[in-house]
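Undergrad: First the structure, then my questions, so here it is.
Number of protein chains: 2
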Amino acid sequence: MPSTTAKTPDVSRRSERSRKAILRASMELVGEVGYTKLTIEAIAARAGVGKQTIYRWWPSKAAVLLDAFTEVVRSEDYQAGIPDTGDIEADLKTVLRATADEFSDAAFEAPYRALAVASAADAELAEQFVRRLQEPGLEVYIARLRAGQQAGQIDPDLDLRLATEVLLGPFQQRWLNRSGPLTHEFADRLVEMALRAFAPRA
Amino acid sequence: MPSTTAKTPDVSRRSERSRKAILRASMELVGEVGYTKLTIEAIAARAGVGKQTIYRWWPSKAAVLLDAFTEVVRSEDYQAGIPDTGDIEADLKTVLRATADEFSDAAFEAPYRALAVASAADAELAEQFVRRLQEPGLEVYIARLRAGQQAGQIDPDLDLRLATEVLLGPFQQRWLNRSGPLTHEFADRLVEMALRAFAPRA
DNA sequence: CCACCAAGACGAGACGAACCGTCTTGACAA
DNA sequence: TTGTCAAGACGGTTCGTCTCGTCTTGGTGG
Numbered sequence: 001m002p003s004t005t006a007k008t009p010d011v012s013r014r015s016e017r018s019r020k021a022i023l024r025a026s027m028e029l030v031g032e033v034g035y036t037k038l039t040i041e042a043i044a045a046r047a048g049v050g051k052q053t054i055y056r057w058w059p060s061k062a063a064v065l066l067d068a069f070t071e072v073v074r075s076e077d078y079q080a081g082i083p084d085t086g087d088i089e090a091d092l093k094t095v096l097r098a099t100a101d102e103f104s105d106a107a108f109e110a111p112y113r114a115l116a117v118a119s120a121a122d123a124e125l126a127e128q129f130v131r132r133l134q135e136p137g138l139e140v141y142i143a144r145l146r147a148g149q150q151a152g153q154i155d156p157d158l159d160l161r162l163a164t165e166v167l168l169g170p171f172q173q174r175w176l177n178r179s180g181p182l183t184h185e186f187a188d189r190l191v192e193m194a195l196r197a198f199a200p201r202a
Numbered sequence: 001m002p003s004t005t006a007k008t009p010d011v012s013r014r015s016e017r018s019r020k021a022i023l024r025a026s027m028e029l030v031g032e033v034g035y036t037k038l039t040i041e042a043i044a045a046r047a048g049v050g051k052q053t054i055y056r057w058w059p060s061k062a063a064v065l066l067d068a069f070t071e072v073v074r075s076e077d078y079q080a081g082i083p084d085t086g087d088i089e090a091d092l093k094t095v096l097r098a099t100a101d102e103f104s105d106a107a108f109e110a111p112y113r114a115l116a117v118a119s120a121a122d123a124e125l126a127e128q129f130v131r132r133l134q135e136p137g138l139e140v141y142i143a144r145l146r147a148g149q150q151a152g153q154i155d156p157d158l159d160l161r162l163a164t165e166v167l168l169g170p171f172q173q174r175w176l177n178r179s180g181p182l183t184h185e186f187a188d189r190l191v192e193m194a195l196r197a198f199a200p201r202a
């Protein structure tokens, strides 16, 4: 019987120059025109690249953007982790305030929102989005909460996974829905309320 | 100087028959083909209506869907409110379990997800989405929490607005990101953790 | 009370523009 | 020699606007 294998391109012969130009062009364009008006044709034109070169290596414009964004964020965050001064409330407030500021920066906002939106619509992309961008973020929170457990500031039986969802879920909800401002005030109140749920049982 | 007013259509002469047919057709089609493949042309064809009739009354396909969904949900939910048996933990678990089931139903999921996605991408639509669909839902939670305050089960100084965000944010995050299953188990653990944060201070 | 009429929404679909994703060409690099 | 590359032609969709002729409706004059 005839093989139905789709001929996969030869990765070893891929042009690094074109790859970089494509990722760069998509980040620029998504900031300029927004995600819905972002077009494969425009990316190719801006990058000085044939359309086929994009279609050969990526399944969708969202996938291009995910690669582009991952490249930027890689190693920049997540490396340092969350500071541990011994005061978990202060540490969490510091990080959540910084996150609030980051999400108020348009240069970060536009592509990240585009990815979040595309992920909500496309289950396949969502798996990649969560695994490559969200999970690493969760891990640093879990690490800090675990340290808090060992310091006796946090219930040792707490489900740390669920705890990060309680801490970050309301934050993401506000941001995605634009149902409220991402102020330092909000970050502080959220951390305070979450820590009341995380505290060791009396 | 010449007026630049866009001629607004005459509402009093609007065809109720066509309006209903359009809303009905969009709900049917979004379930059949999904939101991204939902097309104004297809809605018009299914509804037996000219395209112009849709463009005349709605700014986007998302706006059509929001009207269609609002019409269905109107008065169906939100009327009853959250049961008050005196046991706030049990009551919240009941409602959140029911919500989890609702979000697992494809007939509800498809159009609602479409609206959530479109809202995340479009600030103007988001304002309508939050106000017409999400706010009414929040209000019934706030009412039940307020009753809990009066019953002495909940901290009287609690910010009830923030409380609903803590309760529902993690739920929405899981659902939108598909970062975990919306089980009864999850609903119960979430309510339990939230109530620890809501409890009166010792 | 009713016949008439002008205004405007209606169904249908033609129209050009934008993008889609595929395919072809000739250059070039491994 | 083989396969990617830039460039762009190609047919197919859907867009949003527009132009028809029809139908509905509210106001007017007999």
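Residue numbers (our numbering), protein chains in the order written: chain W, 1 to 202; chain H, 1 to 202.
Note that beta-carbon positions come from the ideal geometry of N, C-alpha and C, so glycine has one too.
Could you tell me the alpha carbon to alpha carbon distance between R14 of chain H and F108 of chain H, rounded to whole angstroms?
TA: Taking the second sequence and counting its residues from 1, one reaches residue 14 of chain H at position 14. Taking the second sequence and counting its residues from 1, one reaches residue 108 of chain H at position 108. In a straight line, the C-alpha of R14 of chain H is about 29 Å away from that of F108 of chain H.
Undergrad: Hey, does M1 of chain H have any beta-carbon neighbour from chain W nearer than 8 Å?
TA: To locate residue 1 of chain H, count along the second sequence from 1; it is residue 1. Summary for M1 of chain H: the model assigns pLDDT 36, below 50, so the residue's position carries little reliability; its value from the coordinates is reported in the next sentence. Not one chain W Cβ lies under 8 Å of M1 of chain H.
Undergrad: With distances taken Cα to Cα, identify the nearest neighbour of S26 of chain H among H:R97, H:V64, H:S60 and H:L162.
TA: The residue given as residue 26 of chain H occupies position 26 in the second sequence. S26 of chain H has its Cα closest to that of H:V64, out of H:R97, H:V64, H:S60 and H:L162.
Undergrad: For E192 of chain H and V166 of chain H, I'd like the C-alpha separation in whole angstroms.
TA: Looking up residue 192 of chain H in the second sequence gives position 192. Looking up residue 166 of chain H in the second sequence gives position 166. If I take the Cα positions, the gap works out to 12 Å.
Undergrad: Name, going along the chain, the residues of the stretch 38-61 of chain W whose beta-carbon falls closer than 8 Å to a beta-carbon of chain H.
TA: none
Undergrad: Mind pulling the chain W residues with CB within less than 7 Å of Y112 of chain H?
TA: Stepping through the second sequence from its first residue, residue 112 of chain H is reached at position 112. Chain W residues near Y112 of chain H: none, gap ~11 Å exceeds 7 Å.
Undergrad: Quick one: Cα of D67 of chain W to Cα of G34 of chain W, how far?
TA: The sequence position of residue 67 of chain W within the first sequence is 67, counting from 1. The sequence position of residue 34 of chain W within the first sequence is 34, counting from 1. Spanning the two alpha carbons is a distance of roughly 17 Å.
Undergrad: Short check: CB of A106 of chain H to CB of A62 of chain H, under 8 Å?
TA: Residue mapping note: residue 106 of chain H aligns to position 106 of the second sequence, counting from 1. Residue mapping note: residue 62 of chain H aligns to position 62 of the second sequence, counting from 1. No.
Undergrad: A202 of chain W and A194 of chain H look like a contact to me (Cβ under 8 Å); what is the Cβ gap, rounded to whole Å?
TA: In the first sequence, residue 202 of chain W corresponds to position 202, counting from 1. In the second sequence, residue 194 of chain H corresponds to position 194, counting from 1. About 18 Å separates the two Cβ atoms, so there is no contact after all.
Undergrad: Going along chain W, which residues have a C-beta under 7 Å from T36 of chain H?
TA: What you label residue 36 of chain H is simply residue 36 of the second sequence in a count that begins at 1. Under the 7 Å cutoff, chain W gives A121.
Undergrad: Of the choices H:F171, H:G152 and H:L176, whose alpha-carbon is the least far from that of H184 of chain H?
TA: For the purposes of this step, residue 184 of chain H is identified with residue 184 of the second sequence, where counting begins at 1. Nearest to H184 of chain H by C-alpha distance, out of H:F171, H:G152 and H:L176, is H:F171.
Undergrad: Taking 8 Å as the cut-off, decide whether the C-beta atoms of D91 of chain W and D84 of chain W are in contact.
TA: The residue labelled residue 91 of chain W in the question sits at position 91 within the first sequence. The residue labelled residue 84 of chain W in the question sits at position 84 within the first sequence. It is a contact, given that the beta carbons lie within the stated cut-off.
Undergrad: Quick one: residues in its chain with C-beta nearer than 8 Å to the C-beta of L190 of chain H, no 5 flanking neighbours on either side, listed in chain order?
TA: Here residue 190 of chain H refers to the residue found at position 190 of the second sequence. Taken in chain order, the residues that qualify are L96, L167, P170 and F171.
Undergrad: What's the call for Y141 of chain W, buried or exposed, on a 16-neighbour Cβ count within 10 Å?
TA: The residue you call residue 141 of chain W lines up with position 141 of the first sequence. Residue environment analysis places Y141 of chain W among the buried positions, since at least 16 neighbouring C-beta atoms fall within 10 angstroms of its C-beta.
Undergrad: My parser needs the beta strand (DSSP E) runs of 3 or more residues fully inside the stretch 149-175 of chain W; what are they?
TA: none
Undergrad: Assign S179 of chain H to one of two classes, buried (16 or more other C-beta atoms within 10 Å of its C-beta) or exposed (fewer than that).
TA: Indexing the second sequence from 1 puts residue 179 of chain H at position 179. Its Cβ being crowded by 16 or more others within 10 Å, S179 of chain H is buried.
Undergrad: Could you check whether the Cβ of D159 of chain W sits closer than 8 Å to any Cβ belonging to chain H?
TA: Locating residue 159 of chain W in the first sequence gives position 159, where the first residue counts as 1. Residue-level contact by beta carbon holds for D159 of chain W and chain H, with a gap shorter than 8 Å.
Undergrad: Give a yes or no on contact between the stretch 118-129 of chain W and the stretch 47-63 of chain W, applying the rule of three or more CB pairs nearer than 8 Å.
TA: yes
Undergrad: Secondary structure at W58 of chain H, three-state DSSP: helix, strand or coil?
TA: Position 58 of the second sequence, counted from the first residue, corresponds to residue 58 of chain H. Coil, per DSSP.
Undergrad: Could you name the residues of chain W that P170 of chain H contacts, counting a contact when the two beta carbons are closer than 7 Å?
TA: Here residue 170 of chain H is taken as the residue at index 170 of the second sequence, counted from 1. Those are E165, V166 and G169, listed as they occur along chain W.
Undergrad: Please determine, among W:V73, W:T36 and W:R56, the residue with the shortest C-alpha to C-alpha distance to D10 of chain W.
TA: The count along the first sequence starts at 1 and reaches residue 10 of chain W at position 10. Taking only the C-alpha atoms, the option nearest D10 of chain W is W:R56.
Undergrad: CA-CA distance, I154 of chain H and P200 of chain H?
TA: Within the second sequence, numbered from 1, the residue matching residue 154 of chain H stands at position 154. Within the second sequence, numbered from 1, the residue matching residue 200 of chain H stands at position 200. So the alpha carbons of these two residues sit roughly 5 Å apart.
Undergrad: Leaving out five residues on either side along the sequence, give the residues of the same chain with a beta carbon under 8 Å from the beta carbon of L158 of chain H.
TA: On the second sequence, position 158 is the one that residue 158 of chain H refers to. Answer for L158 of chain H: L145, Q149 and F198, listed in chain order.
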